[in-house]
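Asks: Those letters in the sequence shown? Residues -8 to 233, by the working numbering.
There's a structure below that I have some questions on.
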Amino acid sequence: MNVAAAVQFIAGFAWLLVIGVVALVILRASRNRPIKASITLVLIVFAVAVLLSSISAGLVFVQPEERGVVISAISPNGYREAPLQPGLRWIIPFFENVVVYPISRQTYTMSIASNEGDIQGDDSITARTSDGQELFVDASVIYSIDPTKVVLVHIDWQDRYADDLVRPLSRGIIRDVVSQFGVEEVVTSQRVVMIQTISDQMTLKLKENGLIMVEFILRNITFSAEYAASVEQKQIAEQLVQ
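Quick look at the structure:
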């Protein structure tokens, strides 16, 4: 438990104590007993509870793998321009709150296998080569939020960056790049070039949106049944000739 959480716990306990003391005062009053000292105790405990709640509302602990975006009612833009760095930080109680974002590496996977991708079911990317062959691409994008661009990510995407940015961006780029290569190139000589082209374009686009591209992984390419059958027939014909 970090310091901020500990103070929050103590503040909660203080409010329970306030309720308990108030109940005690009511009980003593119902029995016609003196309550002057009890009222003083209620005021003291109440003041302590308010103080602890204010401190709790202002203390924020940011983990090493996180950065915080401060939403501020007193800032001209409604937010602080600089993100909160790791450690115990202070914000203005009741006027500011923090939205925490991970800066550790994240992976978004699109796969034909129903239980491997971020979306259940067949989530492979359907693409068409320059010579008209349809194929299905499985891919993973490893990325992270740029620690210096966390505020930008919050303003533009909030917590939707994986589904609304990484996913459609990668699918669109993969389709576009695959369409520049023939099916034989995808399978053999130009496959490395194709992967590098996808990675380069992804890196550029993610950077524009506050994300860092770590690695693009081409997991698998599945060809249409028609193309697979034609390849098999070609191999059989070559074997017969030999």
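Cβ coordinates follow ideal geometry from the N, Cα and C atoms, glycine included.
Quick check on Gly69: does DSSP put it in helix, strand or coil?
Replies: Coil, per DSSP.
Asks: Which residue comes first and which comes last in the beta strand (DSSP E) that contains Asp129?
Replies: Segment Glu125 to Ile136, the beta strand (DSSP E) holding Asp129.
Asks: Beta-carbon separation of Asp129 and Leu209 under 9 Å?
Replies: Yes, the Cβ-Cβ distance between Asp129 and Leu209 is below 9 Å.
Asks: For Val60 and Arg19, I'd like the C-alpha separation in whole angstroms.
Replies: Answer to the nearest angstrom: the Cα atoms are 49 Å apart.
Asks: Bridge partners for Gln209 per DSSP, in chain order?
Replies: It is worth fixing the name first, because residue 209 is Leu in this sequence and not Gln. Paired residues: Ala130.
Asks: For Asp126, count neighbouring Cβ atoms within 10 angstroms of its own Cβ and tell me buried if that reaches 16, exposed if not.
Replies: In the sequence as displayed, the identity of residue 126 is Leu instead of Asp. Buried, since its Cβ has 16 or more Cβ neighbours within 10 Å.
Asks: In the structure shown, what three-state DSSP assignment does Ser63 receive?
Replies: Ser63: strand per DSSP, three-state reduction.
Asks: What residue does the alpha helix (DSSP H) around Thr194 start on, and which one ends it?
Replies: Its alpha helix (DSSP H) spans residues Arg182 to Glu199.
Asks: Report yes if the C-beta distance between Asp122 and Val174 is below 9 Å; otherwise report no.
Replies: Cβ distance < 9 Å, so Asp122 and Val174 count as in contact.
Asks: I'd like the span of the beta strand (DSSP E) that includes Pro159, first residue to last.
Replies: Here Pro159 belongs to no beta strand (DSSP E); instead the alpha helix (DSSP H) covers Arg158 to Val169.
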